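To keep things clear, I will list the structure first and then write my remarks on it.
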Amino acid sequence: MIIYNNALDEHGQPLNRAFHAKRLKDRGVDELIGLCTGMIADGAVNDQEAKFLQGWLHHRPEVQEEHVGYLLFSRLYEFLRDGRLDENEKRDLFDLLAATCGHTPQAPDVTLSACTFFDTPPPVLQIDCRNF
Numbered sequence: 022m023i024i025y026n027n028a029l030d031e032h033g034q035p036l037n038r039a040f041h042a043k044r045l046k047d048r049g050v051d052e053l054i055g056l057c058t059g060m061i062a063d064g065a066v067n068d069q070e071a072k073f074l075q076g077w078l079h080h081r082p083e084v085q086e087e088h089v090g091y092l093l094f095s096r097l098y099e100f101l102r103d104g105r106l107d108e109n110e111k112r113d114l115f116d117l118l119a120a121t122c123g124h125t126p127q128a129p130d131v132t133l134s135a136c137t138f139f140d141t142p143p144p145v146l147q148i149d150c151r152n153f
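Residue 22 is where the sequence shown starts when you use this note's numbering, and the numbers rise one by one after that.
Next up, the structure:
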């Protein structure tokens, strides 16, 4: 790809941010997985961590465009509507963060592939007036 000198800023970076959009989005998702891993490292999630993650996602709309980012952001919004996490919300958020970074209670020291949330809860399938 040819980039003309007049299409670069004073640091030699493309003026058009779309040039690096995919790389930035991928980096953001990688950072999100790292944040999730750190948040569950002590076995619990607290209000301060949840508010930090909500703010982090708020300032990264490109990460919210990804399914996992959107799901976390929307759930954090629900959980923190009253400004704090109750015990059920803490447990749900912990499970969601663990699934995001691929940690399971059965093997806490092993990182599996990050779960996609397409099957939790199981979807209702209806084909030709039949339910599955």
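Positions of the beta carbon are idealized from the N, C-alpha and C atoms, including for glycine. None of these values were measured; they are calculated from a predicted model.
The alpha-carbon of Thr121 is positioned some 9 Å away from that of Leu93.
Around the Cβ of Gln85, a 10 Å sphere holds 16 or more other Cβ atoms; the residue is buried. Selection Glu31, Ala62, Lys46, Leu74 evaluated against Gly123 yields Ala62 as nearest (Cα-Cα). Counted as a single uninterrupted DSSP element, the alpha helix (DSSP H) harbouring Asp116 occupies residues 108-122. Setting aside the 5 residues that flank it on each side, Tyr91 is surrounded in the same chain by Gln85, each with a C-beta closer than 8 Å to its C-beta; the list follows chain order.
Excluding five sequence positions before and after Ala42, the CB atoms of its chain that fall closer than 8 Å to its own CB belong to Glu83, given in chain order.
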